[in-house]
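**Student:** Take this structure first; my questions come after.
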Amino acid sequence: MIHPDDARALSDAQIAQFIEQGFVRIDNAFPRELADAGRAIMWRDLPCSEHDPSTWTRPVVRLPGYGEEPFRQAINTPVLHRAFDQIAGSGRWSPRHNIGTFPVRFPHPDDPGDAGWHVDVSFPGEDCDPDERSDFSTWRVNVNSRGRALLMLFLFSDVGEDDAPTRIRVGSHLPMARYLAPAGEAGRARMNLEHMGADCELALATGEAGTVYLCHPFLVHAAQKHRGKRPRFMAQPALGSGEPYRLARQDGAYSPVEIAIRQALGMR
Numbered sequence: 126m127i128h129p130d131d132a133r134a135l136s137d138a139q140i141a142q143f144i145e146q147g148f149v150r151i152d153n154a155f156p157r158e159l160a161d162a163g164r165a166i167m168w169r170d171l172p173c174s175e176h177d178p179s180t181w182t183r184p185v186v187r188l189p190g191y192g193e194e195p196f197r198q199a200i201n202t203p204v205l206h207r208a209f210d211q212i213a214g215s216g217r218w219s220p221r222h223n224i225g226t227f228p229v230r231f232p233h234p235d236d237p238g239d240a241g242w243h244v245d246v247s248f249p250g251e252d253c254d255p256d257e258r259s260d261f262s263t264w265r266v267n268v269n270s271r272g273r274a275l276l277m278l279f280l281f282s283d284v285g286e287d288d289a290p291t292r293i294r295v296g297s298h299l300p301m302a303r304y305l306a307p308a309g310e311a312g313r314a315r316m317n318l319e320h321m322g323a324d325c326e327l328a329l330a331t332g333e334a335g336t337v338y339l340c341h342p343f344l345v346h347a348a349q350k351h352r353g354k355r356p357r358f359m360a361q362p363a364l365g366s367g368e369p370y371r372l373a374r375q376d377g378a379y380s381p382v383e384i385a386i387r388q389a390l391g392m393r
């Protein structure tokens, strides 16, 4: 457990884990009280009743971005800011004032329809219609992770193994970097990643409300069907870039995100 008053949010061992495995879990990254307040707001916006499971008729309901006080506070705790500095690099990330969209997952027998293996794209391609920027099918990701410093998973409810935890292919950010490198600055779009990292160990993003997973932007992950009893509330915001990641720095001051990419590409 990380004490909020510690000068460093993450230990050397946790930084090494991030470089090797592509993610690190921070318990108590934000107070449970903020998670409780956030869920209360979202229940008011959901088209169903918290206390009547018969109204939970859809496997997933997406709620638009939230920037109210509990969400803004949750994503800007001192421990998280220190962790961002340690992993993305001081001055190399952009603060967020909202936490983005929540895909709220309900216990349901149907396939949610969005459980494919993927990485999150981060910038529009040249073929992207300026009037259709919400259509992410033409968005791209490149080997410098243009526009995205980190992928983050914010648990606003307790999430056990049956509660539709995000599936993570441990270490998949390394083969993903090698896949992106030949595409250069233009990057790739419309990727089929069902087999990317298929031989990697599987981890589940479980934990108590207030847990946050900080993930390498190339980490291959997927949703899954909810087999538990209570709806799962989790946000998956991007941490924006303050400056582009670089794989060649004269001063050698590489962030752990950059170190992982460089190691994947055999750069020394």
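Number 393 marks the last residue of the sequence shown (this note's numbering); no jumps. Heads up, the beta-carbon is just placed ideally off N, CA and C, and yes, glycines get one too.
At 3 residues or longer, and completely inside the region 349 to 387: list those beta strand (DSSP E) runs for me, N to C.
**Tutor:** You should have 363 to 366.
**Student:** Out of Phe279, Ala328 and Val268, which has the shortest C-alpha to C-alpha gap to alanine 306?
**Tutor:** Here residue 306 refers to the residue found at position 181 when the sequence shown is read from its first residue. With distances taken between Cα atoms, alanine 306 lies closest to Val268.
**Student:** According to DSSP, is tyrosine 304 helix, strand or coil?
**Tutor:** Counting from 1 along the sequence shown, the entry for residue 304 is found at position 179. The answer is helix: DSSP assigns tyrosine 304 an H, G or I state.
**Student:** Can at least three beta-carbon pairs, one atom from the region 374 to 387 and one from the region 180 to 193, be found at a separation below 8 Å?
**Tutor:** Short answer: they don't touch.
**Student:** Shorter than 6 Å, the distance from the beta carbon of proline 195 to the closest heavy atom of the ligand NAD, or not?
**Tutor:** The model depicted lacks the ligand NAD and carries no ligand whatsoever.
**Student:** Exposed or buried, proline 172, counting other C-beta atoms within 10 Å across all chains shown (16 or more means buried)?
**Tutor:** Along the sequence shown, one-based indexing puts residue 172 at 47. By the neighbour-count rule (16 or more Cβ atoms within 10 Å), proline 172 is not buried but exposed.
**Student:** Roughly how many whole angstroms lie between the Cα atoms of glutamate 286 and glycine 353?
**Tutor:** Taking the sequence shown and counting its residues from 1, the one referred to as residue 286 is at position 161. Taking the sequence shown and counting its residues from 1, the one referred to as residue 353 is at position 228. Each residue's Cα considered, the two are about 8 Å apart.
**Student:** Between glycine 296 and glycine 163, how many whole angstroms is the CB-CB distance? I'm expecting something under 8 Å.
**Tutor:** For the purposes of this step, residue 296 is identified with residue 171 of the sequence shown, where counting begins at 1. For the purposes of this step, residue 163 is identified with residue 38 of the sequence shown, where counting begins at 1. About 31 Å; that fails the 8 Å criterion.
**Student:** Please work out which residues of its chain come closer than 8 Å, Cβ to Cβ, to isoleucine 144, disregarding the five sequence neighbours upstream and downstream, and give them in chain order.
**Tutor:** Locating residue 144 in the sequence shown gives position 19, counting from the first residue. The answer, listed in chain order, is Pro381, Ile384, Ala385 and Gln388.
**Student:** Would you call serine 360 buried or exposed, if buried means 16 or more other Cβ atoms sit within 10 Å of its Cβ?
**Tutor:** Within the sequence shown, the letter at position 235 stands for residue 360. The amino acid occupying residue 360 in the given sequence is alanine; serine does not appear at that position. Alanine 360 comes out buried.
**Student:** Which two residues bound the contiguous beta strand (DSSP E) that contains proline 228?
**Tutor:** Residue numbering aside, residue 228 sits at position 103 when the sequence shown is read from its first letter. Counting along the chain, the beta strand (DSSP E) containing proline 228 begins and ends at 227 to 230.
**Student:** Determine whether the beta carbon atoms of proline 342 and arginine 273 lie at a separation below 7 Å.
**Tutor:** On the sequence shown, residue 342 is found 217 positions in, with the first residue counted as 1. On the sequence shown, residue 273 is found 148 positions in, with the first residue counted as 1. Yes, the Cβ-Cβ distance between proline 342 and arginine 273 is below 7 Å.
**Student:** Quick one: measure Cβ to Cβ for alanine 334 and alanine 160, integer angstroms, because I've assumed they're closer than 8 Å.
**Tutor:** Start at 1 with the first residue of the sequence shown, and residue 334 comes out as number 209. Start at 1 with the first residue of the sequence shown, and residue 160 comes out as number 35. Right, their Cβ atoms sit about 4 Å apart.
**Student:** Go through its chain and collect everything with a Cβ distance to serine 270's Cβ below 6 Å, but skip five positions before and after it.
**Tutor:** Taking the sequence shown and counting its residues from 1, one reaches residue 270 at position 145. The answer, listed in chain order, is Pro342 and Tyr370.
**Student:** Just mark proline 220 as buried or exposed, buried being the case when its beta carbon has 16 or more other beta carbons within 10 Å.
**Tutor:** Position 95 of the sequence shown holds residue 220. When all chains shown are included, proline 220 counts as exposed.
**Student:** For the region 311 to 345, which segments carrying the beta strand (DSSP E) assignment without a break, of at least 3 residues, lie completely within its bounds, in sequence order?
**Tutor:** As far as the region 311 to 345 is concerned, its whole beta strand (DSSP E) runs of at least 3 residues are 327 to 329 and 337 to 340.
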